[in-house]
Structure formats: C-alpha cells, structure tokens
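Residue numbers (this note's numbering): 648 to 1051. Glycine included, C-beta positions come from ideal geometry on N, C-alpha and C.
Here it is in structure tokens:
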C-alpha cells in the first residue's frame, strides 16, 4: 500500500486529525505537486433533487479504472471520498450531505493520478440566475459551441443551465454526444446542468423511433419513483423555484411503453402537491401549438387543463426552433391571470420557419433570418425577470413576472 493511499484511507475514515501533518500534506497535493495528471472526458455536474445538499458528478473514460471522487469544503483541511458507479464508459457519483450556499473543491482520482481541482457551489434558498437553451442539435456543433460560449461569457453568474430537449440530432449516435459535450466545456465548467428529453433523443441510428438509452445513460437524474420511466421525467428544487421536467415524446415512445402519460401525470400531481417553493415552473420539449392550423395541438390536450389546475407559473417549450412569448393563458384563452407560456428559440444550426399567430405577443421581426438565441432567468421569491437574447446581442424580449 502506498503512503498516499494510506493517507486517503485515514481521511476517509475521519482519522486525519490523528495524523495532522500527513493530512495537511495530502491536501496540498495537486497534479503538479505529487500526482500525475489524470485525463477524463466530459466532466459535468448534474442536477439533483436538492442542490443545496447534493451534486451528481459524471464523466467519461475510454479506460476502465478504479476512480474515486475527492471533495472538500473550501476553508477546511479534511477531505472526503465518494465511491464511483459505472455504465459502460460513463462514470458517476453523488456527493451528499453538503452544506447549502457553500463552495467546494472536487477532483477525480485514480491510483497515483488526479485531475485538477474543480469548483462546486451548492444552492441556497434565495435569488439565482439560470440560462435556458433549446434544440442544440446540429449538423455542425460549432454553432452550439458559439451559442453556449456567448451565454456563459455574458452571464458568468448563472449557476444553472438547461437544454429544453433535442440536445443532439440523434440520441443513439455516440459521435453526436461527443460533439455536444466536447465543444461546450465553458458552459459546463462550474455550472449545474439539467437536461430535458426531446424527440431526437428517441431516434436510433437508423432514424426509426427507439428507446432513449443514449440520453438515459449519460444523465443520472433525480429519482421519480417510477418503475418503468426512471429518468424520463423528474423534478428538483433550486432557490425559490420548484422545477418540473416533463416528457412529451408520446408518439416516439408509445410502442415501447404506452403508459408514459399515466405514470407522468401521477408523478406530476403528487409532486406539485408537495412543492414548497414560491414558483412552480415546467420545462418540456414539444410545444402546445400547431402553427399550420393555428390552434392548440395534442400536447395542449394533454397538459393545458393540468397546468391550470396545478397553478403552474411558467411553462417553457421548444421543438419549433423559434422564440415566441404567448403571455398568460388560462382556460385555453389569453388571460390576465394564469400560466405564462414561452417557446424557446434554437441554440443549434437547424432552422425552421413557423408563421406568426395571434397567440404570440412577441415574435422575431424576420422569421426567415431568426438567429440562435438563449434565455436568462433571474429568479427571486417575489419576481422573475426574463431576458431573451440572440447570439448577436440583440434583445428579443424582456419582461417581469410577479407573484400574485
């Protein structure tokens, strides 16, 4: 047994205080100070049910190794270690019992090698900022890279980011996932990621409908207590908001398991009844409107009355690759009260052109030339400020939603 490994065992067992000099020396080790450099791919922090006290860490490696995750609260000497699970070439571990509103350092270790230290900041109960993307699927992923990097650079205080479905063009194509992660390191660095399943995550390499195994393997998501639909939908708390991540892939998944709607609705109602945050916010991929026929569609048939009943504050959709602000809708009509509906623009290079409609309060001035865009939310207990911005810096929309 090496001296370094012996020290790790002592610290993991809480015995570091009996050997203070050894424990202190261990804390000072970095890849430049005793460890050889460890290379892993696509390191990411994934949302958990309660990001005040936990964090899911995931990465990938082409080599089977005995990994450990080492983490410590900044300002404290002792470190803790977490065991690592594996799905083929994807590795993950959940760090638990963290302190809210605190800064941690973590790194991945294998034998005598380690990655550099990374920052991990736990959530609190107050105001925070997040970035929303949708439809990052690409033929050329440098377009997604540009969108992500501009958002990250312009809004460095954003703690959380989300892609509202169709992360990649083909969910079973490994090269698509490699491209998606590889070009977006800056947005993944030090931010928590919350994914939403889209229809393109449910396509096989032959482009026929398929189970979303590529998506499910790459994201270890909060438990929804569903036997057959783990990872398909979920919820989490962050700051003053409770988020519901819903699944709209009924057409793609029906032949594999036709019970998606029943399982999801049971989860949604039960979860909403127990939500204890100021805001209730829904993200789902497919939109509620059919622009070709200028009317609500089958997704609306499944959800609109449910959103009214559960008093959802905001609903964000995607799929149509254009930004639209619908304002508040209640009982299927434009209203001064009810749920605010926002259709997110695209983050990738796949362009669609949807016609304008009276349902829209905000549309882009030239639909054929609409550029990539993203949304920034500033969420506090009393109000939410929304900003929609293109990659060129043009403001598409800006408004405030207030409680009551």
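Look up residue i in the DSSP assignment and say whether it is helix, strand or coil.
i           : result
residue 860 : helix
residue 719 : strand
residue 907 : helix
residue 821 : helix
residue 834 : helix
residue 895 : coil
residue 789 : helix
residue 986 : strand
residue 923 : coil
residue 795 : helix
residue 753 : strand
residue 827 : helix
residue 713 : coil
residue 912 : helix
residue 848 : helix
residue 901 : coil
residue 884 : strand
Compute the distance between the beta-carbons of residue i and residue j, then report whether it is under 7 Å.
i            : j           : result
residue 858  : residue 903 : yes
residue 1016 : residue 993 : no
residue 749  : residue 707 : no
residue 929  : residue 891 : yes
residue 954  : residue 987 : no
residue 894  : residue 844 : yes
residue 842  : residue 696 : no
residue 1060 : residue 765 : No answer is possible for residue 1060: it lies beyond the span of the chain, which begins at 648 and ends at 1051.
residue 717  : residue 756 : yes
residue 996  : residue 790 : yes
residue 834  : residue 799 : yes
residue 705  : residue 741 : no
residue 818  : residue 788 : no
Look at the alpha carbon of residue i and the alpha carbon of residue j, and state the distance between them as a whole number of angstroms.
i            : j            : result
residue 1010 : residue 715  : 49 Å
residue 689  : residue 910  : 32 Å
residue 934  : residue 731  : 37 Å
residue 1048 : residue 1025 : 10 Å
residue 1046 : residue 1029 : 14 Å
residue 808  : residue 724  : 31 Å
residue 924  : residue 952  : 22 Å
residue 674  : residue 827  : Because the pLDDT of residue 674 is 32, which lies under 50, any placement of that residue in the model is unreliable, and the question is left without a value.
residue 1057 : residue 1013 : For residue 1057 there is no data in the structure shown, the boundaries of the chain being 648 and 1051.
residue 836  : residue 691  : 7 Å
residue 965  : residue 685  : 38 Å
residue 1036 : residue 968  : 14 Å
Per the DSSP calculation, residue i is bridged to which residue(s)?
i            : result
residue 1009 : 972
residue 871  : In the DSSP output, where bridge partners are listed per residue, residue 871 has none listed.
residue 764  : DSSP output for residue 764 lists no bridge partner at all.
residue 706  : 738
Nearest chain D C-beta to residue i closer than 7 Å, yes or no?
i           : result
residue 694 : No chain D is present in this structure, which holds just one protein chain.
Residue ranges of each beta strand (DSSP E) run of no fewer than 3 residues wholly in the segment 926-977, ordered along the chain? Listed in chain order, they are 926-930, 961-964, 971-977.
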